[in-house]
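Encoded as structure tokens, the structure appears first; notes follow it.
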Amino acid sequence: MATNFWPWIIGLAAAYPLAWEALQINGRPVDVVASDLLILLILLVPMGGSLRIPAGVSLKRLATVRVAAVVFMLYALGLAFTVYGGTADMSRIVSASKLTKPIFFVLLGTYIARTVPPLIALKRVGTAFALIVFATIGSAVLSPGFPRTAFGANLFGTRLYGYPNSAMSFYAVMLPLLIASADTKSRGMRRWFYYGAIGFTALIVVSSLSRSSTLVMVFGGLTYLFITGRGHVPIVCSSFVAVGVVASAGLLFNLDIQNEAVLQLKENVEKRYSQTVGAEDPLSGRAGIWADTLGLAADRPIFGYAFESYHHHSTFDTPHQQYLEILYKTGGLGLVLYFWLLFSALGGVRHLSQHVAVRSDGWYFLKALFASFAAAMVGNLSQPNLTYSITGNCLFLMVGLMLNRNGAASLVDPPSVPASVGSTPLGLPQHSFPGRLTTPQGA
0 MATNFWPWII
10 GLAAAYPLAW
20 EALQINGRPV
30 DVVASDLLIL
40 LILLVPMGGS
50 LRIPAGVSLK
60 RLATVRVAAV
70 VFMLYALGLA
80 FTVYGGTADM
90 SRIVSASKLT
100 KPIFFVLLGT
110 YIARTVPPLI
120 ALKRVGTAFA
130 LIVFATIGSA
140 VLSPGFPRTA
150 FGANLFGTRL
160 YGYPNSAMSF
170 YAVMLPLLIA
180 SADTKSRGMR
190 RWFYYGAIGF
200 TALIVVSSLS
210 RSSTLVMVFG
220 GLTYLFITGR
230 GHVPIVCSSF
240 VAVGVVASAG
250 LLFNLDIQNE
260 AVLQLKENVE
270 KRYSQTVGAE
280 DPLSGRAGIW
290 ADTLGLAADR
300 PIFGYAFESY
310 HHHSTFDTPH
320 QQYLEILYKT
330 GGLGLVLYFW
340 LLFSALGGVR
350 HLSQHVAVRS
360 DGWYFLKALF
370 ASFAAAMVGN
380 LSQPNLTYSI
390 TGNCLFLMVG
400 LMLNRNGAAS
410 LVDPPSVPAS
420 VGSTPLGLPQ
430 HSFPGRLTTP
440 QGA
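0 is the number of the first residue of the sequence shown in numbering that gives the first Met the number 0; add one for each residue after it.
Written out as structure tokens, the structure reads:
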């Protein structure tokens, strides 16, 4: 039981989509999400040994993402503390900490991978999220106001953190992980369990009427199917979905159905349609915000505004776009470092997937991680997805778990026997991988 305890804790914490207000600074709340508590694993989980890098895998490619993470964090925090010394504006430190905290999970994942089997932890994240999806559906159905409440907006009576756009983007980003979980189950109820979670995830995201989240979900799902060699599936599915959407819309607006749920759905669809197509600004004001942000950035192109509150220059709290937010807060230099981090993560996952046995569990989950991360990067064009703690923490944690010596060794050179040869003081397994180093070196 001790062997499976920590992967489940990691999975449940990473997938839990609620938050709590910890404190307020300058009248602005500072929230804590469940995955933030995983930082405590540094104190609870002893550092394990390091494994030999498998033949053909470039240690440099795996290590680059950690170097990029450290460089960006040092730059961002250094910029904030430098300006704080002259202004004593604590909100700058808070803003810099919120931006860099998810990135720290790259390092946390690498640390955890030295003791907790990385692939098992990744699988538990997928399973835990599937359970969250079913709980979200159950919470919606059991809600006193159902069906007139926002479908999928609450979990256990508490509103999802960042609903609708940020929360639904997290659900959308996790879809490839659910598909990979189903792909690695040969048959039986477990595979149908994940199929159900996939369908309910799509229902929750689409019902939220969040355009950006729907785009992220479609992009992530199609990307996963294409890179796993099933290019014909998206074409067939897209055709059926297109016909189904048109047919459903026709029935919805032409039939005189007085059912309360149908009337609520019709009202929501009409509202979203008028905002998207009927309005003069289909981007809901984002285009103006983005133009203003670019104008501000042009005045301070190198170091930006050093985490000065955005509402000092606008009526909005954020540019509503990840990359423009980075540009505003850290300048062009910070944006270059941030792109270095993101593309290092994508490149590292792709590199490792090329050395894993095709159609193995590790192969499917690496493909899913690539698709999820790429989808989040696309979604960043309309939402700051990776600053949103739940999405950022989860994605960067999974990247850290995989892109290190132990992650590579467990996927490329899996142990020949399943039995463990020892355990840590907390009962965590130390697997007998080929080529274990006798001295702990950098993961």
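Even glycine gets a Cβ: it sits at the ideal position worked out from N, Cα and C. Just so it is clear, the structure is predicted and the values come from calculations on it, not from any experiment.
- The Cβ atoms of HIS312 and LEU295 lie closer than 9 Å to each other.
- Annotation: the segment 141-219 contains the following complete segments of the alpha helix (DSSP H) (minimum length 4 residues), in chain order: 164-172, 174-182, 188-206.
- Look at the segment 46-117 and you find these whole runs of alpha helix (DSSP H), each 4 residues long or longer: 58-86, 89-111.
- By the C-beta density criterion, ALA181 is buried, having at least 16 other C-beta atoms within 10 angstroms.
- The continuous stretches of alpha helix (DSSP H) do not include GLN23, which lies in the beta strand (DSSP E) extending over residues 18-24.
- With a 10 Å radius around the Cβ and a threshold of 16 neighbouring Cβ atoms, ILE136 comes out buried.
- Only residues of its own chain outside the window of five on either side were considered, and among them LEU78, THR329, GLY330, LEU332, GLY333 have a CB closer than 8 Å to the CB of PHE302, listed in chain order.
- Sorting VAL44, MET46, ARG158, GLY346 by C-alpha distance to the C-alpha of TRP19 places ARG158 at the top.
- Two segments are said to touch when three or more pairs of C-beta atoms, one from each, lie closer than 8 Å; by this definition the segment 41-61 touches the segment 109-117.
- Sequence-distant partners of LEU368 (beyond 5 residues in either direction) whose C-beta falls short of 6 Å from its own C-beta, in its chain, are VAL348, MET397.
- With respect to VAL64, ALA407 sits apart: the two C-beta atoms are not nearer than 9 Å.
- In this chain, the alpha helix (DSSP H) harbouring VAL377 covers 360-378.
- Distance from the CA of THR81 to the CA of MET72, rounded to the nearest whole angstrom, comes to 14 Å.
- Residue pairing from DSSP places VAL31 in a beta bridge opposite TRP19.
- Taking each of ALA149, ASP360, VAL29, TRP362 in turn and checking the Cα distance to LYS100, the smallest one comes out for VAL29.
- The Cβ atoms of VAL355 and VAL411 lie closer than 9 Å to each other.
- By the 16-neighbour rule on beta-carbons within 10 angstroms, ALA290 is exposed.
- Between ARG229 and SER381, the C-beta gap is not smaller than 9 Å, which leaves the two residues out of contact.
- Assigned with DSSP and collapsed to three states, ARG285 falls in helix.
- Looking at the backbone, the Cα of LEU402 and that of SER409 are separated by about 11 Å.
- Residue burial is scored here from C-beta neighbours: PHE155 has fewer than 16 other C-beta atoms within 10 angstroms and is therefore classed as exposed.
- In summary, PHE4 is exposed, with fewer than 16 beta-carbon neighbours lying within 10 Å of its beta-carbon over all protein chains present.
- Taking a contact to require three or more Cβ pairs closer than 8 Å, the segment 90-110 and the segment 130-144 do not qualify as touching.
- Excluding five sequence positions before and after PHE315, the CB atoms of its chain that fall closer than 8 Å to its own CB belong to ILE288, TYR309, given in chain order.
- By the Cβ-count criterion, PRO300 is exposed, with fewer than 16 other Cβ atoms from all chains shown falling within 10 Å of its own Cβ.
- Membership of SER388 in the alpha helix (DSSP H) is indicated by the continuous run 388-401.
- In terms of Cβ geometry, ASN384 and VAL124 do not form a close pair [threshold 9 Å].
- In the three-state scheme derived from DSSP, where H, G and I count as helix and E and B as strand, GLY228 is classed as coil.
- When the Cα atoms are used, VAL204 and TRP362 turn out to be separated by approximately 27 Å.
- In this structure, ALA13 is the residue among LEU39, ALA13, ILE24 with its C-alpha nearest to the C-alpha of VAL32.
- Just so you know, the alpha carbons of GLY195 and ALA374 end up roughly 22 Å apart.
- The alpha-carbon of ILE8 is positioned some 41 Å away from that of GLY284.
- Look at ALA134 here: in three-state DSSP terms it is helix.
- The Cβ-Cβ distance between ILE111 and ALA120 falls below 9 Å.
- Following the DSSP letters along the chain, one finds PHE306 in no alpha helix (DSSP H), marked with neither H nor E.
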